[in-house]
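Report on one structure; see the data block that follows.
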Amino acid sequence: MAFKQTVLQELLTLMRQEGLSHLNEQEIISRIDISSATFNEFFSGMEDMVTQVVAYDLEIRKQEHERLFANEPSPLRRLLLMVQVGLEGLRAIRPTALMETQELYPKAWALYWNHSNDYTAHVLYKLLNEGILQKELRRDLNIQLVTKIMLEQLTLVVNPAVFPPERFNVAEVFRSVFLYYIRGICTEEGTKIAEEYFAALR
Numbered sequence: 140m141a142f143k144q145t146v147l148q149e150l151l152t153l154m155r156q157e158g159l160s161h162l163n164e165q166e167i168i169s170r171i172d173i174s175s176a177t178f179n180e181f182f183s184g185m186e187d188m189v190t191q192v193v194a195y196d197l198e199i200r201k202q203e204h205e206r207l208f209a210n211e212p213s214p215l216r217r218l219l220l221m222v223q224v225g226l227e228g229l230r231a232i233r234p235t236a237l238m239e240t241q242e243l244y245p246k247a248w249a250l251y252w253n254h255s256n257d258y259t260a261h262v263l264y265k266l267l268n269e270g271i272l273q274k275e276l277r278r279d280l281n282i283q284l285v286t287k288i289m290l291e292q293l294t295l296v297v298n299p300a301v302f303p304p305e306r307f308n309v310a311e312v313f314r315s316v317f318l319y320y321i322r323g324i325c326t327e328e329g330t331k332i333a334e335e336y337f338a339a340l341r
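Quick note, the sequence shown lines up with residues 140 to 341 if you use the working numbering.
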């Protein structure tokens with residue numbers, strides 16, 4: 140792993156565990172043990188740093204999806220694996236971290252949502268289509284509409300005005316919204332696959 144990737148990984152871990160509101164350039168330099176010169180070489184400022192960390196995190200998640208999908212022939216199970224990766228990612232971060240990114244670093248948040256609207260929408264559409272062809276998902280689904288609904292559900296889950304992190308566990312909200320919705324779009328065969336998968340997640 141290149142040194143910059145190591146720095147990005149350390150920053151990602153720090154931001155997930157502690158959030159962003161108390162972090163500044165000097166705190167970062169001290170906590171991950173790099174020099175001011177190195178920080179300035181890698182980042183133009185805090186917003187650039189957070190944006191690069193978000194980009195790094197999104198790329199890691201994309202690689203994780205590819206690795207998981209390579210060994211799984213069922214489109215429905217691939218869809219559920221994708222949801223599980225998202226659920227585990229939310230469980231691993233401080234509840235206020237997403238809200239702090241929205242409020243403090245809009246460029247980084249915009250990158251996160253552009254990724255959702257492009258990569259995530261593409262993958263969802265493909266998996267839904269394959270799920271219908273393999274008779275795991277209902278054939279009367281409007282794939283374009285269901286893809287849009289699932290993306291909007293994601294928006295809902297991470298909206299602090301709807302689910303304030305001090306009152307709701309974002310990972311549990313994610314589970315409640317996505318897993319039960321997916322069960323509703325399954326065929327009888329798909330429901331069996333989904334039930335087995337949900338039981339293993341508990």
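The C-beta atom is built at its ideal place from N, Cα and C for all residues, glycine as well.
Short Cβ contact (8 angstroms threshold) for Pro214 with Gly270: yes
Distance between beta carbons of Thr326 and Lys274, contact taken as under 8 angstroms: 6 angstroms
Span separating the alpha-carbon of Asn179 from that of Ile167: 12 angstroms
Cβ-based burial, Val301 [other Cβ within 10 Å; buried from 16]: exposed
Arg277 to Asp257 span [Cα, whole Å]: 24 angstroms
Close Cβ partners of Thr235 (< 7 angstroms) along its chain, the five nearest in sequence each way excluded: Gly158 and Pro304
Gln191 burial status per 10 Å Cβ neighbour count (16 or more: buried): buried
Test item: CB-CB of Val285 and Val296 under 8 angstroms: no
Exposure of Val142, with buried meaning 16 or more beta-carbon neighbours within 10 Å: Contrary to the premise, residue 142 reads as Phe rather than Val in this sequence. Classification for Phe142: exposed.
Status (buried if at least 16 other CB within 10 Å, exposed otherwise) for Ala231: exposed
Contact set for Thr240: own chain, Cβ-Cβ below 8 angstroms, skip 5 residues either direction: Leu159, Val189, Val193, Ala247, Trp248 and Tyr251
Ile282 versus Tyr264: straight-line alpha-carbon distance, rounded: 6 angstroms
CB-CB length for Val262 against Met221, believed under 8 angstroms: 7 angstroms
Beta-carbon spacing of Leu219, Ala333 below 8 angstroms: yes
Residue interval of the alpha helix (DSSP H) (run including Ala249): Pro245 to His254
Start-end ranges of the alpha helix (DSSP H) lying completely within the segment 178 to 243, minimum 4 residues: 185 to 209, 214 to 230 and 236 to 243
Endpoints, alpha helix (DSSP H) assigned at Thr259: Thr259 -> no alpha helix (DSSP H), and no H or E assigned at all.
Alpha-carbon to alpha-carbon, Met185 and Tyr195: 15 angstroms
Straight-line gap, Leu229 to Ser175 (C-alpha atoms, nearest Å): 31 angstroms
Nonlocal neighbours in the same chain, by C-beta distance under 7 angstroms from Arg170, ignoring five residues either side: Leu153
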